[in-house]
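Counting the sequence shown from 1 gives a position; our numbering is that position plus 111. Cβ coordinates follow ideal geometry from the N, Cα and C atoms, glycine included. What follows is a short report on a single structure.
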Amino acid sequence: MLMVLVSSVDSPDDKRKIEVLYDMYNNLMYTVAFNILNHNQDAEDAVIEAWEKIIKNLDKINENDCPKTKSFIVIITERTAIDIYRRNKRRSERVVSLSDYEQSPYFITRDKDVDNLELYDVIKRMPKIYSEALLLYYVNGLTVSEIADLLGVKSGAVEKRISRGRNILKKEMKQDEG
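Put into structure tokens, the structure is as follows:
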């Protein structure tokens with residue numbers, strides 16, 4: 112699979128970046144996808160689709176081994192796996208809701224740059240749809256339309272998630288102060 116991924120880009124630097132990212136994150140991506148799908152082939156399909164999305168946004172990855180990159184890759188993989196699960200819903204009787212993954216151990220990673228532990232705790236506790244949008248927007252620096260493409264939702268939904276996430280942060284941080 113690595114050869115197919117590498118052949119999809121022209122730049123030697125991009126080829127090397129894909130190789131490094133593949134070595135670092137492919138097993139994690141498979142684990143994340145399998146935990147959602149509980150099916151080998153579907154998890155492999157999710158990883159392949161996630162790689163396609165990552166390669167389209169390769170310019171958004173500045174450092175290979177950092178919490179921002181890890182969360183970016185995990186979010187894309189989770190969302191891709193959930194989309195596949197929804198497409199194949201009739202195969203399984205198990206119902207998956209996004210709330211099952213709000214406290215995913217793969218999702219929130221402690222960034223060395225986050226000095227405010229209260230802020231980190233609030234982000235970790237908030238519903239995942241809001242924390243994903245906030246992290247992709249503020250930490251990874253993606254635009255609203257780029258986030259919408261990655262998550263498979265409309266731009267308005269992304270804007271609303273960012274707004275609601277900010278409101279949750281404000282509310283929680285005020286409670287912690289008082």
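In angstroms with no decimal places, state the Cα-to-Cα distance between residue i and residue j.
| i | j | result |
| --- | --- | --- |
| Tyr241 | Ile193 | 16 angstroms |
| Asn151 | Phe145 | 7 angstroms |
| Lys239 | Asn138 | 22 angstroms |
| Tyr141 | Trp162 | 11 angstroms |
| Ile279 | Glu189 | 23 angstroms |
| Leu262 | Ile195 | 13 angstroms |
| Asn199 | Asp260 | 21 angstroms |
| Ala268 | Ile159 | 26 angstroms |
Please determine, among the options, the residue with the shortest C-alpha to C-alpha distance to residue i.
| i | options | result |
| --- | --- | --- |
| Leu116 | Ile147, Val143, Asn146, Lys167 | Lys167 |
| Lys282 | Ala259, Tyr141, Val233 | Val233 |
| Leu230 | Ala268, Pro178, Met284, Ile172 | Met284 |
| Asn173 | Glu160, Arg198, Gly252 | Gly252 |
| Ser274 | Gln286, Glu257, Val264, Tyr248 | Tyr248 |
For residue i, collect the residues of the same chain with a Cβ closer than 8 angstroms to its Cβ; drop the 5 residues on either side in sequence, then sort them by chain order.
| i | result |
| --- | --- |
| Val120 | Lys126, Ile129, Ile166, Leu169 |
Quick check on DSSP: helix, strand or coil for residue i?
| i | result |
| --- | --- |
| Leu253 | coil |
| Asp121 | coil |
| Gly263 | coil |
| Glu270 | helix |
| Asn278 | helix |
| Met135 | helix |
| Asp194 | helix |
| Ile187 | helix |
Excluding the 5 residues preceding and the 5 following residue i in the sequence, name in chain order all residues of the same chain whose CB lies nearer than 6 angstroms to its CB.
| i | result |
| --- | --- |
| Tyr217 | Interpretation of Tyr217 is limited by its pLDDT of 43, a score under 50 that renders its predicted location unreliable; the figure taken from the coordinates is listed afterwards. Counting only Cβ-Cβ distances below 6 angstroms, and skipping sequence neighbours, we find Val143, Val185. |
| Met113 | Correcting the residue type first, residue 113 is Leu in the shown sequence and not Met. Taken in chain order, the residues that qualify are Tyr133. |
| Thr254 | none |
| Thr191 | Ala157, Glu160, Ala161 |
Leaving aside the five residues before and after residue i along the sequence, list all residues of the same chain whose C-beta is less than 7 angstroms from its C-beta, in chain order.
| i | result |
| --- | --- |
| Gly276 | Met237, Tyr241, Ser242, Ala244, Leu245 |
| Asp156 | Ile195 |
| Met135 | Asn175, Asp176 |
Is there at least one non-hydrogen atom of the ligand GDP closer than 7 angstroms to the beta-carbon of residue i?
| i | result |
| --- | --- |
| Glu243 | For the structure depicted, the ligand GDP is absent and the ligand set is empty, with no information on it obtainable. |
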